[in-house]
Amino acid sequence: MTTIYLIRHAEAEGNLYRIAQGQANSSITDRGERQIQALARRFADIPIDAVYASDLYRTCATASAIYKPKGLPLHRRRDLREICVGVWEEKTWGEIARQDPAQLENFNHRLHLWHVEGAETPQAVQTRLLAAVRDIAAANDGKTAAVFSHGCAIRLLLAALQGIPLEELGKTPTGSNTAVSLLRAEGARIQVVWRDDASHLTDPAFTQGCTVKQRANGLEPGLYFRPLAREQAEFPAAWAGTSGAPPAGAPVLAGG
Numbered sequence: 017m018t019t020i021y022l023i024r025h026a027e028a029e030g031n032l033y034r035i036a037q038g039q040a041n042s043s044i045t046d047r048g049e050r051q052i053q054a055l056a057r058r059f060a061d062i063p064i065d066a067v068y069a070s071d072l073y074r075t076c077a078t079a080s081a082i083y084k085p086k087g088l089p090l091h092r093r094r095d096l097r098e099i100c101v102g103v104w105e106e107k108t109w110g111e112i113a114r115q116d117p118a119q120l121e122n123f124n125h126r127l128h129l130w131h132v133e134g135a136e137t138p139q140a141v142q143t144r145l146l147a148a149v150r151d152i153a154a155a156n157d158g159k160t161a162a163v164f165s166h167g168c169a170i171r172l173l174l175a176a177l178q179g180i181p182l183e184e185l186g187k188t189p190t191g192s193n194t195a196v197s198l199l200r201a202e203g204a205r206i207q208v209v210w211r212d213d214a215s216h217l218t219d220p221a222f223t224q225g226c227t228v229k230q231r232a233n234g235l236e237p238g239l240y241f242r243p244l245a246r247e248q249a250e251f252p253a254a255w256a257g258t259s260g261a262p263p264a265g266a267p268v269l270a271g272g
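In this note's numbering, the protein residues as written are 17 to 272.
Shown next, in the form of structure tokens:
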């Protein structure tokens, strides 16, 4: 039997600035660095034999929470990458909402109906991730591995393992940044023991919590701005589309 800790990457710039990252690279934010530190503390006393990550920077950087303190090599795998979102890559979610609202609605709520030029299908992502995890499990029989991947890719993989059809994917959560799921693989069978646990994070370290808070205030998280400077990165400037003047000290919104 192989034990696998499946872990989402820490908060990256695309998460903070509301950009469709897909398979594009982006740096880890200051909050993401704190999440990595919390993840390292969580795994300090957990034996790990091997560490794998998608070959994108945000997963490799997050994997340093485990492979560096344990003195292990990092195995980079392209087949652990996030879903490719085609022509959406590196556009802001607000821009996508203006240009392609119907497909954005599908992406958020009916992924089985989503189609964008140059994008990977959800079914292809499931096939790719299942093959990768099975290969990792076979290579580490009797051992424990940590596997770092991405939000949508992990959500699709867990749905496949739990027998959740794509038509019902909207009922399942996307784990917070650095959320951990536990898998056990024996032969062809892979069991999801538990999923999307982020108990190692304190409230300010969450990414999803920020989105929930904006929605609770009647704001649309897809309209986040891109900060003009690092010191503005934490400023909640998602007032676009609401009435009234911007909050005091807020940077001016640039087009796009």
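Here a beta-carbon is modelled for each residue, glycine too, at the ideal position from N, C-alpha and C.
- Following the DSSP letters along the chain, one finds D212 inside the beta strand (DSSP E) bounded by residues R205 to D213.
- Bridge partners of L199 according to DSSP: I20 and V208.
- Around the C-beta of H125, fewer than 16 other C-beta atoms lie within 10 Å, and the residue is accordingly described as exposed.
- Counting every other CB atom within 10 Å of its CB across the protein chains shown gives P138 a total of 16 or more, marking it as buried.
- If you draw a 10 Å sphere on the C-beta of A154, you find fewer than 16 other C-beta atoms in it, and that means exposed.
- Its chain contains I206 and V208 as the residues whose beta carbon lies nearer than 6 Å to that of L177, once the 5 sequence neighbours on both sides are disregarded; these appear in chain order.
- Closest in alpha carbon position to R50, among S192, V101 and E27, is E27.
- Ranked by Cα distance from T143, the options A118, R171, L90 and E133 are led by R171.
- The continuous alpha helix (DSSP H) containing S80 extends over residues Y73 to Y83.
- Annotation for V67: the continuous beta strand (DSSP E) segment containing it runs A66 to S70.
- Exclusion of the five residues before and after D71 leaves R92 and R94 as the residues of its chain whose Cβ lies within less than 6 Å of its Cβ.
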